[in-house]
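Novice:
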Amino acid sequence: MHEATTVTSKRPTGLDGLPEGPGLLIAEKPRDAFGDAAPGPSEPGPGVSIAADRVLDFEEIGDHLYDGVYVADGTGRTLYVNKSYQRITGIDAAEVIGRTVQELEADGLYTNAVTPEVLRLKKQVNSVGLSRRNGAKMLITGNPIFGADGEIKLVAVIEREITDLLEMQIELEATQEKIHAVEAGEIRARREVEHLRQQVMGADLVGVSSAIDKVLELVRRVADFDVTVLISGETGVGKEVVANEIHTTSNRRGKPFVKVNCAALPAGLLEAELFGYEKGAFTGAAPGGKLGLFELADKGSILLDEIGDMPLELQGKLLRVIQHKEMTRIGGSKPIRIDVRILAATNRDLRRSLQQGRFREDLYYRLNVFPIEIPPLRDRPDDVAVLARHCFEAHNRKYGKAIRIGREGLDLLAHYPWPGNVRELQNVVERIVLISDPYAIIGREQLAPLLALDRDGDDPSDDARSLKTQVDDLERRAIARALERHGSTRRAATALGIDQSTIVKKAKRLGLRICDDVRHQADEIRHRDDSAASAAFSPPVLELR
1 MHEATTVTSK RPTGLDGLPE GPGLLIAEKP RDAFGDAAPG PSEPGPGVSI AADRVLDFEE
61 IGDHLYDGVY VADGTGRTLY VNKSYQRITG IDAAEVIGRT VQELEADGLY TNAVTPEVLR
121 LKKQVNSVGL SRRNGAKMLI TGNPIFGADG EIKLVAVIER EITDLLEMQI ELEATQEKIH
181 AVEAGEIRAR REVEHLRQQV MGADLVGVSS AIDKVLELVR RVADFDVTVL ISGETGVGKE
241 VVANEIHTTS NRRGKPFVKV NCAALPAGLL EAELFGYEKG AFTGAAPGGK LGLFELADKG
301 SILLDEIGDM PLELQGKLLR VIQHKEMTRI GGSKPIRIDV RILAATNRDL RRSLQQGRFR
361 EDLYYRLNVF PIEIPPLRDR PDDVAVLARH CFEAHNRKYG KAIRIGREGL DLLAHYPWPG
421 NVRELQNVVE RIVLISDPYA IIGREQLAPL LALDRDGDDP SDDARSLKTQ VDDLERRAIA
481 RALERHGSTR RAATALGIDQ STIVKKAKRL GLRICDDVRH QADEIRHRDD SAASAAFSPP
541 VLELR
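Numbering (the UniProt record's numbering), first residue to last: 1 to 545.
Spelled out as structure tokens, the structure:
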């Protein structure tokens, strides 16, 4: 049995027994046989005198509530609605007072009415409703009010409009989606930047050998220390990549990173590029003078690539930059303070250059504060398979293919001496991806022609000649063929992916004459070579620097 507040009406009733007029609902406490209010937990305390039959004007209270109020009797017939109910639903009180919820649902005014469920379940019911009149969405809570006999006498329903809330929720969700999209975009961008950085870093330095692990550990250790680093190694091992990684992981990241190839420019031009010049410093100088690369790299880093080829007359000026952190432009007299981290790279043995008098000893020791030597690929054969797969994955993504390399192909690559190191491996893989079917499995047969192997299938590592001789022969043949095919050192250098000055120097070192009639010269080279080796020759794609 429920102890409940009994609700009676103090309005006049009509013939049908329903209250007439706007209606005042009165709450009374149950009374005993003498007509006094029965004691209970809500009995007023000492000093409080409340008349038992005091009428509370629920209409006035209800009309000041923001939420809608709907009251029905124990049969579901509507007794009262407040003004907020009319505002929220768009339904006038005269349309519902005296009518049952079932009738209102049949007329299409209500959907998901809770009053019938409250009467059936005799407990609180929550639902979301929709007014057919104005489309308003409402959060509806219906509560039973029991009489003294334990039966439901009234059902009080509170309706809270949530149309605005839902719209706000939709807007909020849309805003959150935009925020998430922006955040996801930022995360994706960071991942892509990191991926690209790792690609650039990993393209030349990925591997499983202890030798490459040592290089990576040295890079990590020196990055945050503002010292000069000398990076050495053969052409194509990734010296520039290491320099890039040092800069991007140092406290100078985000600042300028300037790269200059000391072997690509003659001494006079290299000096002007590095140190700049004042107005009128020499004939042909820009009217306003020019900033040097050291000035452009201020607060950042500069990579002096092929430092072993820097002319002696410039080495002294570079030493001053390192020692005093200042430089003077050509034609100028005022020293300029600069804050630049110097990274140097070379494929030469600078100790031998010291003995030959081609490199300053004091500059060497200034540069060699933290040396990093990158081992050639032939000295870390365990890395070849990892590198090859890495390159295949990268070029498959680039060209939309799914090419794989088989065990025979990997074995062949592992036994090749790689004179062009990782750069040559990258070029070979890219070429094989370009010329192969989208789902090809690459084996020895496809790779051999690209690696200049002889037709009997012998590995070049089996040749009795020294490795240096093999490398020189490969370079000589590749340069000779490029010169023959393209007719000029500039076009030949472009085809091989190297600087024009590099091809000229290599041609001179390898005994190749640079002349107008390059086809005649190439014929001479071909006839000097062993006929069997020449017949099998298909030069690797070299990117020599």
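Just so it is clear, CB atoms sit at the ideal spot from N, CA and C, and this is done for glycine as well. Given the structure is predicted, the values throughout are model-derived calculations rather than measurements.
Contact check, E326 vs I342 under 8 angstroms by CB: the rounded distance?
Specialist: Between I342 and E326 the Cβ distance is about 13 angstroms, and since that is not below 8 angstroms, they are no contact.
Novice: Check whether the Cβ atoms of I442 and I405 sit closer than 8 angstroms, and answer yes or no.
Specialist: Yes; because the gap between Cβ atoms is below 8 angstroms, this pair is in contact.
Novice: In whole angstroms, what is the alpha-carbon distance linking R485 and F257?
Specialist: Cα to Cα, the separation comes out at about 37 angstroms.
Novice: Where E240 and K259 are concerned, what is the direct C-alpha to C-alpha distance, given to the nearest angstrom?
Specialist: Approximately 9 angstroms between the Cα atoms of the pair.
Novice: Have a look at G292 and R407 and give me their C-alpha separation to the nearest angstrom.
Specialist: So the alpha carbons of these two residues sit roughly 52 angstroms apart.
Novice: Would you check if the distance between the CB atom of V85 and the CB atom of V101 is smaller than 8 angstroms?
Specialist: Correcting the residue type first, residue 85 is Tyr in the shown sequence and not Val. Contact flag unset, no.
Novice: Check this for me: beta carbons of P144 and V114, under 8 angstroms apart or not?
Specialist: No. Outside cutoff.
Novice: Have a look at the DSSP bridge pairing and note the partners of R160.
Specialist: L139.
Novice: Rounded to the nearest angstrom, what separates A482 and A507 at their Cα positions?
Specialist: Distance between the alpha carbons of A482 and A507: 11 angstroms.
Novice: DSSP state of F294, grouped into three classes?
Specialist: If DSSP states are grouped into helix, strand and coil, F294 belongs with the helices.
Novice: Just to confirm before moving on: does the CB-CB distance between L512 and A480 stay below 8 angstroms?
Specialist: Against a cut-off of 8 angstroms, the Cβ pair of A480 and L512 comes out as a contact.
Novice: Measuring CA to CA, which of E313, A345, R320 is closest to G357?
Specialist: Nearest C-alpha to G357: E313.
Novice: Just the C-alpha distance for T328 and L413, rounded to the nearest angstrom, thanks.
Specialist: If you take the alpha carbons of T328 and L413, they lie about 50 angstroms apart.
Novice: So, with DSSP's three-state summary, where would you put N126?
Specialist: Of the three classes helix, strand and coil, the one that applies to N126 here is strand, per DSSP.
Novice: I believe E306 touches C262 by the beta-carbon criterion, under 8 angstroms. Please report the beta-carbon distance rounded to the nearest angstrom.
Specialist: Sure, about 5 angstroms apart at Cβ, within 8 angstroms.
Novice: Are at least three pairs of beta-carbons, each pair with one atom in the stretch 229-248 and one in the stretch 382-392, less than 8 angstroms apart?
Specialist: Counting Cβ pairs under 8 angstroms, fewer than three are found: no touch.
Novice: Taking C-beta to C-beta, are A344 and L319 nearer than 8 angstroms?
Specialist: No, the Cβ-Cβ distance between A344 and L319 is not below 8 angstroms.
Novice: Any idea which residues DSSP pairs R337 with across the strands?
Specialist: DSSP lists E326 as partners of R337.
Novice: Identify whether F146 lies in helix, strand or coil by the three-state DSSP scheme.
Specialist: Note: F146 maps to strand in three-state DSSP.
Novice: So what does Y277 bridge to, in DSSP terms?
Specialist: Beta-bridge pairing links Y277 to K290, I330.
Novice: Give the DSSP-derived three-state secondary structure of L510 in the structure shown.
Specialist: In the structure shown, L510 sits in coil (DSSP, three-state: anything other than H, G, I, E or B).
Novice: DSSP three-state call for R465: helix, strand or coil?
Specialist: With a pLDDT of 48 at R465, under the threshold of 50, the predicted position of this residue should be treated as unreliable, and no value is reported.
Novice: Measure the CB-CB distance between G207 and E424 and report whether it falls below 8 angstroms.
Specialist: No. Outside cutoff.
Novice: Between the alpha carbons of E167 and G74, how many angstroms are there, rounded?
Specialist: Distance between the alpha carbons of E167 and G74 is about 36 angstroms.
Novice: Spatial neighbours of L354 within its chain, please: C-beta separation below 7 angstroms, excluding the five flanking residues on both sides.
Specialist: Here the set comprises E361, Y364.
Novice: Please say whether I330 and E278 have beta carbons closer to each other than 8 angstroms?
Specialist: Cβ distance < 8 angstroms, so E278 and I330 count as in contact.
Novice: Out of curiosity, what's the CA-to-CA distance linking D339 and F225?
Specialist: So the two alpha carbons sit approximately 14 angstroms from each other.
Novice: T78 bridges to which residues according to DSSP?
Specialist: Note: T78 sits in a beta bridge opposite A72.
Novice: Nearest by alpha-carbon distance to A267: which of Q176, I432, S501 is it?
Specialist: Here the closest residue by C-alpha is S501.
Novice: Excluding sequence positions up to five away, which residues of its chain have a Cβ less than 6 angstroms from the Cβ of E445?
Specialist: Excluding positions up to five away in sequence, the list is empty.
Novice: My guess is that Y439 and A493 are in contact by the Cβ rule of under 8 angstroms, so how many angstroms apart are they, rounded?
Specialist: Not really, about 36 angstroms apart at Cβ, beyond 8 angstroms.
Novice: Among residues of its own chain, excluding the 5 on either side of L510, which ones have a beta-carbon nearer than 8 angstroms to its beta-carbon?
Specialist: Cβ neighbours of L510 beyond the five flanking positions: D472, E475, R476, I479.
Novice: Using only alpha-carbon positions, find the residue among A297, T175, V157 that is nearest to R252.
Specialist: Answer by Cα proximity: A297.
Novice: With a CB to CB cut of under 8 angstroms and the five nearest residues on each side skipped, what residues in its chain are close to Y66?
Specialist: So the list reads S84, once near-sequence residues are dropped.
Novice: What first and last residue would you give for the alpha helix (DSSP H) that runs through F225?
Specialist: That residue, F225, is in no alpha helix (DSSP H); it is neither H nor E in DSSP.
Novice: Does the Cβ-Cβ distance between V504 and I372 come in under 8 angstroms?
Specialist: Taking 8 angstroms as the Cβ cut-off, V504 and I372 do not qualify as a contacting pair.
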